[in-house]
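Data first, discussion second: the structure below is written as structure tokens.
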Amino acid sequence: MPSRPTSTSALGTLTALPLCLCWALSAPAQASELRYAEDQAPAIVNPLFATTMSEARLDELLFEGLYNDNKDLATSPDLAASAQMSSDRMEMTITMRQGVTWQDGTPVTANDVAFTIAAMKDKGTLSTEQGRVDWIDEATAIDDRTVRLRFVRPEARPEDKLFFKILPAHRFDGTAIKRTDPFRTNPIGSGPFKLDSYNDDGSISMSRYEGHRDRAGLDQITMREVSDKNYQAKLLMYESLEALVRVLPRDLAVLQSNRKVELYPYQTNSWWYLGFNLHRDPFKDPRVRTALAEMIDVDALLAPIGTGDSLTGPFVKSSPFYNHQVPAFVNDPIQVADLLEQAGYVNNGDGWKKDGKPLTLTVSAHKNLESAQEVVINLQSQLQSQGVTVQVDFLDEAAWRASVWRDRDYDLILSQWSFDRNEDIREQFHSKGSRNFTGYANKEVDRLLDLARDTMDPQEKKQALRDVHKLVHDDVPMVFLWTLDSYSAMSTDIRNVVIHPFYFFTWATDWAMQ
Amino acid sequence: MPEAFLQLDDLRIVAGPRTVVDGASLRLVPGQVVALVGASGSGKTLTARACLGLVDARPGIVGGELTVCDGHTTWRPFGLPKRQRRQALRAIRGTIVGWLPQEARASLDPLRPIGAQVRQVLALRRADGIEVPNDRPDARSWLSSVDLPDPDRVARLYPHELSGGMAQRACIALALARGSRFLLADEPTTGLDPTVQAGILDQLGLLRSQGCGVLLITHDLRIVPRVADQVYVMDRGRIVDLLPATDLAQASSPAAQALVAATRRIAGGAL
Amino acid sequence: MRSAQTRPKRPPALLTAGLVAATLTACSGGQPTPQPTATSSVLDGSWIAQIANQPDLFGGVVDVDSRAAWVAMHEGRWADAAQALPPGVGRARAELELAVFYEDLADLASVAWPDLAATWLARDSGVSDGPMPFLAAVAVISRDHHADTGLSAPTAGQQALLTALQTESGALPKGTALDGLDQAGCLAGDLARLSGQSEQSPQGCRGDLPLDLDAEGTWYDPLVYDALAHQTRRRADRSLGDVGWEQRATQAKPPLDLLLFGPAWTTADLSAAAAADSSMSTIGASGPTLSALHLPDEGPTDEPQAARERVRALDRELDPWQAHLLDTVSDDGKALLTDLQLVAQVRSRILLAWARLALHNDRPHQATAYLLLAIDIESARTLGPLNPPSLYALAAQASLRTGRTREALDYLSVLEAPYPIVTGLDETIGDLAVLEGLGRHGDSKEN
Amino acid sequence: MTRLVAASGRIVLALVLLTWVVSLMAGYDVVADVHPKLAGLHPSTSSLLGTDHMGRSVAWRLVNASQAFVGPGLVAAAVSLLLGVPTGALSGYRGGWSAGVIRYLWAVVASVPRFVLVLLVCAIYGSDPAVLAVVAGLAFAPGLSEAVHTRISELRSREFVLATRAHGVSPLRTVAWHLLWVGCRALVLRQVLYLFAFVLVLETSLSYIGGFGIEEPRPSWGNMLAFEFGVHDGNPWAWAAPALAIWLTLAAAIGVASTLRERGRA
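Protein chains in written order, with the numbering used here: chain A, 17 to 530; chain B, 61 to 331; chain C, 1164 to 1610; chain D, 109 to 374.
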């Protein structure tokens, strides 16, 4: 385990702690400033590389797409003004909104759109967002305000897929964009807020972009890094923050009884899971995975951290795709033993061993995943009592990105996926999915996922995904854990709040202060 | 078997540009009390300390020789190389030559009770192979031997809890307990009231009778005839006179005469 | 209880029942405590103030025989309450609540089905020969159903849509006549069976009607909800005998069984509600007591902020009043107030009525704001005194009408176990969610 | 009063040491002791001090947590004694240029604040308790060395040192026995107690913050406090007990240290 980054981040935590306290004592916010807390400040502000919710939320303030959701969640033009479809539905000609400028004053042109699509499609851009444009064959800027998109196959409602954020072409050297591109700390967007500064205390200051067509009601938005979630609710109550994105379940009661605070449900259709590294022994063997899954008592894991629904597959229980016919794993010691013995393990009372080597695994969890500690401790105890040794490794953001996203260097990860209302699990479970870091591959699942993507029959899609649910449950690339209710909290000083069910800040231009 | 003796020859000690002891010679033999008298600052104490090698580099011994003989071995430390000199000095310190310091209270370890200090000295004595008299096997007996009242209590006391006289007696007890052949007593009676003085002088007389050679350093001429056999008179770093203690009044050197005169002025012709 | 300083912990249902029992035992025969006079409020005339000051009044209504029924009433288990209470005011109220809840579900259905039909038609490709056309057709024709009005003739627009469905899919039997109550209910059952969306379809009923809806024990339990099948409103009225709500409200003395655990503060509020709205679905939304509190308007547009301000204004009245009440009443009264969360419950019910009114007036965003402030988040996934079933039906409707189809499913999922009849609705809205997501890319992020 | 403080402080410190020995011998399995169904139990006869919100025995974890700082505290004490005392004694007794060099070197170390020094070294070499202990010892060595230096150079010039030498006591023995053991023992012990308190504070605060110190599931009073603090409706003893333990131990260490006086000081 690379201890160095862990330690340096703890060093950061340590230095941030007094700062935290300073905020608590600091003067109230300036007029019309919204200060919100994230567990960790995003290191990269570039929508091409956004993998976490905190990044997605920040991008929502700074950038815009061609289309976006209106308050009734219907697709409506954003950077686009109007569009024409060709009769064969293979081409779309988009006319851009007039008079839109980037935050550095340069006009937003059709070329920026063509550039962004090209950049996302570029093999040199190691982005997880590629899947969002692979249906576009080519994007051509006709003139400054007109861009033509050619599709791979006919599209019924292409505008529903044109939500991705547009980047300023003039800020990049080429379409192969690296994660380390200097843009990440100096982003220029066309959104209602512009990034002013990264501050020493980990916070990010944004102010209203005066050149935006919808003048934002708030002068400033500040993202504050409060890594200790235990402090977040207190900071809100002491009026050192105006918003918490996600409230710890344990803080709900006290915040609900506080008349200065309003709670908004922030259901992001998210579920927790334990993901195996399928590239690695012994987790290649489905029997070992199944045995481990059967050893885990999910309800007992869930009990200490709050009320939620335990799941058997990759959907939230209220989802139309959730397959209620799939039974949960039952902890049957005989069956577990049977599976492990088939896989070549023996247990002579001192734990499961194969060729004298004990069955051990390391659970890696993101440091900022709330309640992860409880889950991991509990898991360790459960598995140890059944003869499996478990090591625990809490990773900070940098180590997580390196060992999970980049190197796939882990045994078992504890993490959480959040989905927008489409609950599209393709990237996670398709063998070519960009977020499939477990390395799961099942031809039938691939076929069903493709079908679910392409079909125009809701019944067929529903059935296909319910079948996927069954298959991924049986293959056990992950142990599906649960979904938890989540709420965000906001000071009643902030008015006209309507939050987007996934991106949170989509309608933040309307927000204003008392 | 040659007789034990301690002898200084032509000792010269300099302190910076000043010569503080300039060619001092003296000899001490067992069973004799030799007094070293002189005005303050005449170099008495330094001369005595030189006998133990307790004179630091500054002021430093630049010349002369110390010869110490215990009847078997003879040491001449000053002429030796540094390492051997240190060994030689360590051999004679305490074992052959003892020290009864001037500031009794300061010379006792302030952090340990008196009894422990006597016991330590006795342990050193035993380590050196010097016989411990049967009637004085422990700290208490040594403390009572110097007429300290309630020796058991005194043994538990710390130096700061003792009066000046008691401290001085304790120091003597330590010196006696150490069992050295020669004892260098540096102003042992200064600042004490006459009864205590008398007691201490008696102790010194007792030592002499036990065969110990005592060098008594003092500027109080009145006590000299009572205990000393011989008197060295020192003036500005030089030994200017050597005469029997009883003949002190007949001293020829101006320094000795000045001392005698001064003593008479104070004490009124009792000398 | 939503007041900062006196928030008691939620006791589980059994415990609540036990506490009520203990309170009753303790207060039987107790002397009424004198009325506090320190700060008088219009709320001092409410039933809550009455029973807090005179706990034995409460014991008079909730006697040993009916305790379980009133506990059910308190916790929003209205069907249980209606079955357990003897005929009379109490039962009528339970049945009314149930009826209103069913109507909330009917409203939800009447939003969901046309939405489904419209969305389905808007996607002009890939016509399915599944049950969708059926559902859409029923949606269209049952849009304006109300239990007491019967089936109205389809409007011109609805008729056109119906024709389009018939011609396009060919699935809806030609010449289907939908002109009778029984047939409509029957069709709903058939649809559920045909669609295969429910695990246990009801028996097909085409031809072998009539269903005796009034007969005890023959609860028609369709899995696609149809309000027409639930004649609870009629039962509620029958429980009152010949006397109407309005009349009853003025006669009752003491009027506690008319008001207990309800959103009306006084009988005056109740009769005002009866006069204003024959369906009685918005009791507590207005009335003399609330008028005296000078709450602000909701504003002319569907602005959630105005709704929030209104709730804040209500809280500014309720919180200090409750604190004062707790200071002045006896221990028995205090126990009643805190154990049963009476003020919080009434508050929740008032917001519910406001939300219902907002939905009737086409202000779904405001309705959402009311409902979010009404829900007790600590137990948001279970029904209870502060989270009655109607809350979820209304929240689902408000979500649906603000485009949050997926969230509507979340709310409905709470109702699914205790009310299996919503399964069909759940499937319908699920289909709508799937339909809306067709051809979209989803986004997913870590954490 | 002072006596009472000293006596009760000693008892507490002895208990802590005893706890440590017990925890080393008991073989309590920190991983196995998780019982969510028994979460948040209040103290009772069956579980002294109750359980935390994972159903783990608070009493056992409290005992086991002594391993987090007693061992490192002892190591740190040894390190600071080994480094600080000889150098302080040497510079104090010899004086002159050797004292200059020694004191300069220690001043360089001491110029970095203790906490920062520890964090710095931990950032480089990881946060192993052993590293923590050695660094804490190192961080305290300059202070110890300087205190010993001051005391010995003061004692050295006293007459009694001369007298001791005149009695034939060797210089090494004079330093080790008369000056260090007799003269500096209380002072050194005081410093060591402060160091122990420092190690406790260091360990508990690092574990509280997380990342550096003892990580779950291994217990430390710091992470026990962090883990339980803010849990609603839990067992208040689950966080009060470690907090109390930290406070008591610190008070004991500092109380005992402050009542230590050089005996027989003139």
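Where a beta carbon is used, it is the ideal one built from N, C-alpha and C, also for glycine. Since the structure is predicted, the reported quantities are computational estimates derived from the model, not experimental observations.
Below the 9 Å Cβ cutoff, chain B contributes R150 as neighbours of D/S278, in chain order. Rounded to whole angstroms, the separation of the alpha carbons of B/P77 and B/L140 is 25 Å. For the options C/R1567, C/S1607 and C/Q1560, the alpha carbon positioned closest to that of C/L1588 is the one of C/Q1560. In chain order, V142, P144 and M162 make up the part of chain D whose C-beta sits under 7 Å from the C-beta of A/N394.
If you ignore the 5 residues before and after A/M506, its C-beta comes within less than 6 Å of the C-beta of A259, E278 and V513, all in its own chain and listed in chain order. Under the 8 Å Cβ criterion, the stretch 1493-1507 of chain C does not count as touching the stretch 1518-1528 of chain C, having fewer than three qualifying pairs.
Shortest Cα-Cα distance from A/A249 to any of A/R231, A/L268 and A/A232 involves A/L268. Excluding its 5 nearest sequence neighbours in each direction, A/D315 has C-beta neighbours in its own chain below 7 Å: S326, listed in chain order. Less than 9 Å divides the Cβ of D/F306 from the Cβ of D/A247.
Inclusion of A/F520 and A/V332 in the CB contact set at 9 Å is not warranted, their separation being larger than that value.
Excluding residues up to 5 positions away in sequence, R72 lie with their Cβ nearer than 6 Å to the Cβ of B/G123 in the same chain. Chain A places a beta carbon closer than 9 Å to that of D/A147, counting this residue as a contact. By the rule that beta-carbons nearer than 9 Å mark a contact, D/A215 does not touch chain A.
Contact between the stretch 441-460 of chain A and the stretch 345-358 of chain A is not established, with fewer than three Cβ pairs separated by less than 8 Å.
Approximately 20 Å separates the beta-carbon atoms of B/D169 and D/H257; this is outside 8 Å, ruling out the contact.
In terms of Cβ geometry, D/P144 and A/P320 form a close pair [threshold 9 Å].
Taking a Cβ-Cβ threshold of 9 Å, none of the residues of chain D is close to A/N84; the smallest such distance is about 38 Å. In the structure shown, A/M239 falls within a strand segment according to DSSP collapsed to helix, strand and coil. Apart from the 5 residues on each side of it in sequence, B/L66 sits with its Cβ closer than 6 Å to the Cβ of L88, V128 and F242 in its chain, given in chain order.
According to DSSP, A/V406 shares a beta bridge with A/L377.
Residue contact check for D/A294 against chain A: no CB pair falls below 9 Å. Residues N285 of the same chain have their beta carbon placed closer than 6 Å to that of A/F435, with the five preceding and five following residues left out of the count.
With fewer than 16 neighbouring CB atoms inside 10 Å of its own CB, D/L112 falls in the exposed class.
Beyond the five residues adjoining it in sequence on each side, C/W1241 comes within less than 6 Å, by CB distance, of A1257, E1260 and L1261 in the same chain, given in chain order. Pairing B/Q162 with B/T105 gives a Cβ-Cβ distance under 9 Å.
The shortest CA-to-CA distance from D/R222 to any of D/A241, D/V290 and D/H275 is the one to D/A241. Counting only runs of at least 3 residues, the stretch 269-294 of chain D fully encloses no beta strand (DSSP E) element at all. One Cα belongs to C/N1550, the other to D/A359, and the distance between them is close to 51 Å.
Taken atom to atom, the span from the alpha-carbon of D/V178 to that of B/L261 is near 59 Å. In terms of beta-carbon proximity, B/L184 lines the interface with chain D, with at least one pair separated by less than 9 Å. In this structure, C/S1444 and C/E1266 form a Cβ contact; the two beta carbons are roughly 6 Å apart against a cut-off of 8 Å.
Residues of the stretch 251-282 of chain A with a C-beta atom less than 7 Å from some C-beta of chain D are R266 and A269, listed in chain order. Between A/F292 and A/D427, the C-beta gap is smaller than 9 Å, which places the two residues in contact. Per the DSSP secondary-structure output, A/L290 pairs in a beta bridge with A/L430 and A/V495. The beta carbon of A/D197 lies closer than 8 Å to those of N62 and F188 in the same chain, with the five residues before and after it left out. B/L266 is positioned such that its CB atom lies no closer than 9 Å to that of B/V284.
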